[in-house]
Every structure is written in C-alpha cells, then in structure tokens.
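**Q** Residue numbering for the sequence shown follows my numbering, starting at 469 and increasing by one per position. First the structure, which I've put down as structure tokens, then a few questions once you've had a look.
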Amino acid sequence: MNGIHKPSRVNGVHPDEDGGSGLADSVARAQECLAAATERAWSLMKDDGHWNGELRSNATITAEHVFFYQSLGVPMPGGPAYRDYLLSEQRGDGSPTWR
C-alpha cells in the first residue's frame, strides 16, 4: 500500500472483527481512498519534484512561516536569511510592503 499504515484497531475494534457494525468496510474503503489519492498525487508530481508552478507570495507568507517556528519554539533553519528578506521588504517608516 505504498507505505500507508493499516491500523490494527480503530476505536478499540479490530477492523476485521467489527461484529457486523460495518467498521471493517468503512476502514477498508477509507484505506482504498487514501491509497488512490496518494497515487494520484504522486502521478501529478513533475520530474523536478514539484506539483505546480512557482509559488508567488509576499512578506506576509514569510512572516507567517517565521511565526510558526517561533510559536513552536523551534530554531528556524536559515533564520538570518529570513530576517534579511523581511527587513528588505520594509518601507522607510518600518511598515511592510505588500507586493
């Protein structure tokens, strides 16, 4: 199943022994859907590893990315480069530019 983990129990019930509740069928169908969606996503990937065109953004997205790391208390790889980019996007009065 392409590395998709099949749960041994769902809500305390083994999916193959659900006592007729339909849980086994639901779990099996969910696994089939997940496998199909995964295969479809991989089939759409471009040769260089991306799925769509260039992602265009502005300082807002970058600031949200920095905030995410700060919120988790995790050191941000490349932090100085992000700082330099955000500072380069500021106007003279310190307000951000939204391009």
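For glycine and all other residues, C-beta sits at the position ideal for the given N, C-alpha and C. These numbers come from a predicted model, not from an experiment.
Determine the direct distance from the alpha carbon of glutamine 538 to that of proline 545, and round the result to whole angstroms.
**A** In a straight line, the C-alpha of proline 545 is about 12 Å away from that of glutamine 538.
**Q** What does DSSP give as the partner residues of glutamine 558 in its beta bridges?
**A** Looking at the DSSP assignment, glutamine 558 forms a beta bridge with Pro564.
**Q** Can you tell me the Cα-Cα spacing of leucine 512 and leucine 523, whole angstroms?
**A** 16 Å
**Q** Between glutamate 557 and proline 564, which are expected to be in contact by the criterion C-beta below 8 Å, what is the C-beta distance as a whole number of angstroms?
**A** 6 Å
**Q** Out of Asp516, Ala498, Ala527, Glu507, which one is the CA nearest neighbour of arginine 559?
**A** Checking every option, the nearest Cα to that of arginine 559 belongs to Ala527.
**Q** Whole angstroms is fine: what's the gap from alanine 498's alpha carbon to aspartate 552's?
**A** 45 Å
**Q** Under a Cβ-count criterion, where at least 16 other Cβ atoms within 10 Å of its own Cβ denotes burial, should valine 495 be classed as buried or exposed?
**A** buried
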